[in-house]
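Engineer:
In our numbering, the protein residues as written are 15 to 126.
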């Protein structure tokens with residue numbers, strides 16, 4: 015995921031429908047990422063769905079953002095907000111998986 019507003023991505027996790035981006039299939043992806051700009055952290059949970067007809071055709075998206083001076087707190091807050099915002103059962107299933115990968119990468123990034 016490309017972080018905006020001057021934030022550099024330091025951790026990311028993504029989970030999606032198997033074979034979703036293969037022509038003739040529908041995709042549903044959830045991406046969780048944390049970015050940093052100075053002492054500020056920005057966590058994003060993004061749900062994207064659509065179909066692939068030789069190229070991806072996006073049908074919709076839900077994006078939730080949280081900011082904090084503590085990276086772990088930003089991640090916890092965006093996950094809480096995403097659970098409240100994302101209505102699709104598949105997205106709610108993918109969210110913890112994507113969050114786990116992102117959290118693991120975040121711990122590695124914060125140790126450096």
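Beta carbons: idealized from backbone N, C-alpha and C, even for Gly.
Just so it is clear, the structure is predicted and the values come from calculations on it, not from any experiment.
Find the nearest neighbour of residue 66 within the set 32, 95, 26 and 85, judged by alpha-carbon distance.
Structural biologist: Answer by Cα proximity: 32.
Engineer: What are the residues that DSSP puts in a beta bridge with residue 92?
Structural biologist: Partner(s): none; residue 92 has no beta bridge.
Engineer: Compare the beta carbon distance of residue 89 and residue 48 with 8 Å and say whether it is the shorter of the two.
Structural biologist: Taking 8 Å as the Cβ cut-off, residue 89 and residue 48 qualify as a contacting pair.
Engineer: Tell me the rounded alpha-carbon separation between residue 26 and residue 78.
Structural biologist: Near 15 Å, if we compare the C-alpha coordinates of residue 78 and residue 26.
Engineer: Tell me whether residue 107 is buried or exposed, calling it buried when 16 or more other Cβ atoms sit within 10 Å of its Cβ.
Structural biologist: So residue 107 counts as exposed.
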